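Only one structure is covered here, and it is reproduced in the block below.
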Amino acid sequence: MQTFTVAAVQYKCTNPDQQLNTEIGLRFIREAKELGADIVLFPECWITSYTFPDIAESDLSVEEIENHPDFKSWYSTAIDENSMPLRAFQEAAKELSIGIVITALTKGKKRPQNSAFVIDRNGDILLKYSKVHTCDFAVERTLESGTEFMVCDFDGVKIGIMICYDREYPESARVLMVKGAEIILVPNDCGSMKPRLQALSTRAYENMVGIVMANTPGENAGCSCAYSPICWDLNGKPIDNTILLADEKTEGILSAKFDLDELRNYRNNEMMGNTFRKVNAYKDLLSGQVEAPFIRT
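Quick note on my numbering: the sequence shown kicks off at 58 and runs consecutively.
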């Protein structure tokens with residue numbers, strides 16, 4: 058049996074101290090290695106923490122905010138591919154022969170991006186993904202959105218990434234499925250999890266992909282989870298596809314193991330995913346027009 062184990066880290070870095078957050082992250086990676094994980098998944102914005110300057114919450118326009126000294130100072134702390142914290146995670150991946158999905162606010166063209174890096178067992182960056190569905194109704198309106206969903210090959214497993222609000226949109230997981238993703242990893246940092254857990258279970262079911270989410274703990278938060286795409290047994294009887302579901306407040310590592318042989322056999326034979334879609338009827342999905350009741354200022 059070929060298996061793939063994801064270690065989801067349920068912990069919150071509240072301090073934008075990149076050295077401290079890196080040290081904490083490296084301890085979790087060593088623990089995950091001892092537990093036999095193939096790859097470690099961190100919550101959203103781990104290295105930098107998910108913190109914004111006060112000016113980001115003002116009523117100023119995005120253009121006015123990006124030119125404000127406080128915003129420029131904050132933007133200067135965003136990392137890039139040559140930043141020491143990221144290199145430390147690459148070195149740990151190589152030393153321990155383990156995969157890592159590490160997250161941070163990264164440098165964009167004018168404003169930061171909310172990004173995740175997939176690092177392989179040799180310490181090489183396989184993929185840098187920047188959050189497409191930034192929360193433009195909140196402080197994330199000051200970020201630059203990513204423009205593409207991407208899939209990479211990790212140890213022969215096709216991995217896709219969504220970040221937090223991305224999972225609210227079925228198109229995110231669907232594009233990753235079309236691009237070949239077998240397992241989708243979701244760095245996350247938010248609360249009100251019950252409907253979001255239901256949505257993730259549905260994303261796994263409808264796309265025939267495994268899904269793992271790592272969330273930060275707290276009241277009405279936490280609930281890091283993993284779902285299998287397998288919703289029927291060999292006799293066609295519906296089964297629970299939950300592999301992992303944490304509580305709200307526990308801190309630490311939670312392991313989700315996928316049976317790849319079982320997963321791939323299911324994907325090769327069941328009728329969901331990209332089997333019988335009628336794409337000619339989907340043209341309206343590509344329209345950028347927004348009408349009531351969905352117009353927001």
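Idealized CB from N, CA, C, for every residue including glycine.
Only a predicted model underlies this, so the values are computations on that prediction, with no experimental measurement involved.
Backbone secondary structure at residue 193 - three-state DSSP: coil
Coarse secondary structure for residue 347, derived from DSSP in three states: coil
For residue 234, three-class secondary structure by DSSP: helix
Within 8 Å, strictly: CB atoms of residue 82 and residue 159: yes
Segment limits, alpha helix (DSSP H) that includes residue 286: Looking at the DSSP string, residue 286 is not in any alpha helix (DSSP H), and its letter there is neither H nor E.
Start and end residues, beta strand (DSSP E) containing residue 215: 214–218
When 170, 193, 151 and 264 are compared against residue 131, the one with the closest alpha-carbon: 170
Euclidean distance between Cα positions of residue 234 and residue 227: 11 Å
For residue 303 and residue 279, believed in contact at Cβ under 8 Å, the rounded distance: Their Cβ separation, rounded to whole angstroms, is 6 Å, which keeps residue 279 and residue 303 in contact under 8 Å.
Any chain D beta carbon closer than 8 Å to residue 159: Within the model displayed, chain D is absent; a lone protein chain is all it includes.
Distance between residue 316 and residue 177 (C-alpha atoms, nearest Å): 20 Å
Alpha helix (DSSP H) segment containing residue 187, residue limits: Run containing residue 187: none in the alpha helix (DSSP H); it sits in the beta strand (DSSP E), 182–187.
With 16 other Cβ atoms within 10 Å as the buried cut-off, status of residue 261: buried
Own chain partners of residue 63 with C-beta closer than 6 Å, once the 5 adjacent residues on each side are dropped: Taking C-beta separations shorter than 6 Å and ignoring five residues to either side along the sequence, the partners of residue 63 in its chain run 96, 98, 269 and 313, following chain order.
Beta-carbon separation (whole angstroms), residue 100 vs residue 273, contact threshold 8 Å: 5 Å
Contained alpha helix (DSSP H) runs [length at least 4] in the stretch 121–171, N- to C-terminal order: 126–132 and 141–153
Start-to-end residues for the alpha helix (DSSP H) that takes in residue 309: Run containing residue 309: none in the alpha helix (DSSP H); it sits in the beta strand (DSSP E), 309–316.
Closest Cα partner of residue 370 within the set 257, 140, 275 and 326: No information on residue 370 is available, as it lies outside the stretch 58 to 354 that the chain covers here.
Local conformation of residue 267 per DSSP, three classes: strand
As assigned by DSSP and simplified to three states, the class of residue 98: strand
Residue 289 to residue 333 span [Cα, whole Å]: Approximately 18 Å between the Cα atoms of the pair.
Contacting residues, own chain, Cβ-Cβ under 6 Å from residue 324 (five flanking each side not counted): 265
Short Cβ contact (8 Å threshold) for residue 254 with residue 286: no
Residue from 120, 192 and 199 with nearest C-alpha to residue 113: If you compare the alpha carbons of 120, 192 and 199 with that of residue 113, the shortest gap goes to 199.
For residue 210, three-class secondary structure by DSSP: strand
N- and C-terminal bounds of the beta strand (DSSP E) containing residue 356: Residue 356 lies beyond the stretch modelled for the chain, which goes from 58 to 354, so this question has no answer here.
Residue of 293, 349, 311 and 337 minimising C-alpha distance to residue 328: 293
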